[in-house]
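Numbering (our numbering), first residue to last: 18 to 484. Beta carbons: idealized from backbone N, C-alpha and C, even for Gly. Remarks on the structure that follows.
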């Protein structure tokens, strides 16, 4: 069976804008010249940890890896344990970085490829866009570790292209379908390009829809606003519920937006409605996993039903749903509780690992978190159920909450009106902030560490009054 080739980018002219960096536009012609120059300078290893923090540098690194048939490794963290896991997976791995770092791997500095000057982008030459085989391995993307040890999942160029094009079609941002009627979208992302959501929706979506990515990774509200103001409309903000909640409550004057895209955690309907009201722009939520990539979306302010991407199907088997079709190349089990409505729509009821049973009563951590975050004055919060092995005889549900000016008694009383008393947290711990990662997720190990810090010190032998 012949292999299908797919273009590195869908932009049809060398003068099209593919990126914005420090207020400067970067053309397709310049991008391709940068890709080729970096590709010629990269080390010989077949696996590359792309640790570039600048989104444009990351994208150039991705293109260079594609041209030299290197697999990009995209782990969720760069801890010593994670780096050891990468070396075991790929002994020839080296690190591409654009800033000082302490990663214990053979390294290559992005800027070293351009020490003799910028890449030569001759405006008089034809702009030849590389074609990449659809079956070429592109990246090993790792799960977040929120439910255990991060696991790698390999992606091919064909599956990633089909995924990005399906997303562009669903969001209505594909310039290739409507070149005469509007300008390309400018994509600003608060999520890192190394994460599956950021990879798909800020890098691949830009490359495969004719859009232009913004090179930064703004985090604080003022930085997000500045990044949006630095690019032309129409503007797409790719973000998470955590970033969005802080942005909307900051009191900063917000620039005009044309579309908001969220993922990595369930979007509370009230937050989605507030976002649409303040920006006068639709908010879409993406559903998927590292294993499958994005497979569904919904307009969160209007419905709680998810709509599958074209050709993707869900099939029940062994008490769980399995996804396949479209860009999902292999049948993959879903780690969430999904309820089919019909062949195209479903409800999401939380993660399988979130289901808990206390005194014969069942609930999900996702539902409990939703009720907690719906309390007025709560800025952030999460329930945590320790493993049976974490504690002695009785495993108690805990909650960690950011709610300035509120007491634990007030919060417990508010929760008691919303949930069964069986699931009231003991203890409920007030914090200044939760240890979320750059995508807004709370790894289970971080929650376990918080739980361990709340344990009372063991009493001396004989009890507290001994001696």
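Around the beta carbon of residue 334, a 10 Å sphere encloses fewer than 16 other beta carbons of the protein chains shown; the residue is thus reported as exposed.
Across the structure, residue 269 and residue 356 are spaced so that their CA atoms are roughly 39 Å apart. DSSP places residue 256 inside the beta strand (DSSP E), whose first and last residues are 252-256. Residue nearest to residue 459 within the set 63, 380, 160, 182 is 160 (criterion: CA-CA distance). Taking each of 82, 287, 51 in turn and checking the Cα distance to residue 391, the smallest one comes out for 287. Contact between the segment 268-284 and the segment 46-63 is absent: fewer than 3 CB-CB pairs across the two stretches fall below 8 Å. Between the segment 208-227 and the segment 318-328 there are fewer than three C-beta pairs closer than 8 Å, too few to call the two in contact. Segment contact: the segment 184-192 against the segment 34-54, fewer than three CB-CB distances shorter than 8 Å; contact not assigned. Shown here, residue 383 sits in a helix according to DSSP, grouped into three states. Contact between the segment 249-264 and the segment 231-241 is present, with at least three C-beta pairs closer than 8 Å. Secondary structure at residue 36: strand, using DSSP grouped into helix, strand and coil.
In this structure, residue 154 sits away from residue 22, with a CB-CB distance that is not shorter than 8 Å. The residues 322, 364, in chain order, have a CB closer than 8 Å to that of residue 358 in the same chain once the five nearest residues on each side in sequence are set aside. A residue is called buried once 16 or more other Cβ atoms fall within 10 Å of its Cβ, and residue 311 is buried on that count. Linking residue 98 to residue 182 through their CA atoms gives a straight-line distance of about 35 Å.
Taking C-beta atoms as the reference points, residue 111 and residue 77 fail to come closer than 8 Å. Residue pairing from DSSP places residue 170 in a beta bridge opposite 158. For the segment 203-237, the continuous alpha helix (DSSP H) assignments of 4+ residues that do not extend past its boundaries occur at 222-226, in sequence order. The segment 428-437 makes no contact with the segment 464-473: fewer than 3 CB pairs, one atom from each, lie closer than 8 Å.
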